[in-house]
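Participant: Dumping the structure here so I can ask a few things about it.
In our numbering, the protein residues as written are 3 to 164.
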């Protein structure tokens with residue numbers, strides 16, 4: 003079964019919205035593996051800090067169905083798609099990886115480019131799947147995180163109860 007890896011983030015009532023999103027994902031996909039939750043400053047705009055984590059689950063749901071479900075979940079939770087790309091978010095759920103999927107599929111480019119550029123994605127991903135290889139570079143997520151420039155993007159693990 004393919005491994006689905008998701009990034010979740012919120013800076014609008016995140017202690018409410020993240021558990022709601024995780025519970026919905028559990029109902030849809032089953033038992034999730036979760037990283038710790040990390041707090042980071044907003045990037046690209048002035049706003050409240052974000053809380054982020056990575057979740058993974060083995061599932062055989064088609065990629066297009068997963069993408070449709072995630073957009074619906076975001077919309078039901080109040081995501082405003084008319085807001086600029088860098089703005090406050092009730093919830094943001096992105097597919098990072100889906101099995102061996104590569105390139106453009108269902109309107110997505112996989113693996114997702116934010117893996118290499120966003121500390122709030124790479125750090126929890128390296129925590130959850132340290133030895134897994136990022137195929138385009140043949141490096142593990144742990145190696146990628148070890149080599150990541152951590153001076154520009156600050157993040158820190160926080161206590162978080164689901």
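Quick reminder that beta carbons are idealized off the backbone N, C-alpha and C, glycines included. All values reported here derive from a predicted model rather than from experimental measurement.
Does the beta-carbon of residue 17 have 16 or more other beta-carbons within 10 angstroms, so that it is buried, or is it exposed?
Facilitator: Residue numbering aside, residue 17 sits at position 15 when the chain shown is read from its first letter. Result: exposed.
Participant: Assuming contact is defined by CB atoms lying nearer than 8 Å, are residue 102 and residue 116 in contact in what I supplied?
Facilitator: As a working note, residue 102 is residue 100 in the chain shown. As a working note, residue 116 is residue 114 in the chain shown. Contact flag unset, no.
Participant: What are the partner residues of residue 54, as DSSP defines its beta bridges?
Facilitator: Translated into positions along the chain shown, residue 54 becomes position 52. The partner list for residue 54 (beta bridge, DSSP) reads 11 and 40.
Participant: From this set, 69, 158 and 58, which residue's C-alpha is nearest residue 132's C-alpha?
Facilitator: As a working mapping, residue 132 is identified with position 130 in the chain shown. When each option's Cα is compared against that of residue 132, the closest is 58.
Participant: What residues match up with residue 159 in a beta bridge as DSSP calls it?
Facilitator: In the chain shown, counting from the first residue as 1, residue 159 sits at position 157. In the DSSP output, where bridge partners are listed per residue, residue 159 has 40.
Participant: Taking the straight line between their C-alpha atoms, what separation do you get for residue 157 and residue 62?
Facilitator: Indexing the chain shown from 1 puts residue 157 at position 155. Indexing the chain shown from 1 puts residue 62 at position 60. If you take the alpha carbons of residue 157 and residue 62, they lie about 33 Å apart.
Participant: So is residue 91 buried or exposed if we call it buried at 16+ other beta carbons inside 10 Å?
Facilitator: One-based indexing of the chain shown puts residue 91 at position 89. Burial call: buried.
Participant: Check whether the region 66–81 touches the region 36–46, counting contact only when three or more Cβ pairs, one atom from each stretch, lie closer than 8 Å.
Facilitator: Contact fails: fewer than three Cβ-Cβ distances are below 8 Å.
Participant: Take residue 150 and list the residues in its own chain whose beta-carbon comes closer than 7 Å to its own, dropping the five residues that flank it on each side.
Facilitator: If you number the chain shown from 1, residue 150 lands on position 148. Counting only Cβ-Cβ distances below 7 Å, and skipping sequence neighbours, we find 121 and 124.
Participant: Does DSSP classify residue 60 as helix, strand or coil?
Facilitator: For the purposes of this step, residue 60 is taken as residue 58 along the chain shown, with counting starting at 1. It is a strand residue.
Participant: State yes or no: is the C-beta of residue 35 within less than 8 Å of the C-beta of residue 130?
Facilitator: Within the chain shown, numbered from 1, the residue matching residue 35 stands at position 33. Within the chain shown, numbered from 1, the residue matching residue 130 stands at position 128. Cβ atoms of residue 35 and residue 130: closer than 8 Å.
Participant: List the DSSP bridge partners of residue 96.
Facilitator: Residue 96 sits at position 94 when you count from the first residue of the chain shown. Answer is 9, bridged to residue 96.
Participant: Name the two residues that bound the continuous alpha helix (DSSP H) containing residue 66.
Facilitator: Within the chain shown, residue 66 is the residue found at index 64, counting from 1. Run containing residue 66: 65–78, per the alpha helix (DSSP H) assignment.
Participant: What is the residue span of the beta strand (DSSP E) that residue 111 lies within?
Facilitator: Residue numbering aside, residue 111 sits at position 109 when the chain shown is read from its first letter. Where residue 111 is concerned, the enclosing beta strand (DSSP E) stretches over 110–112.
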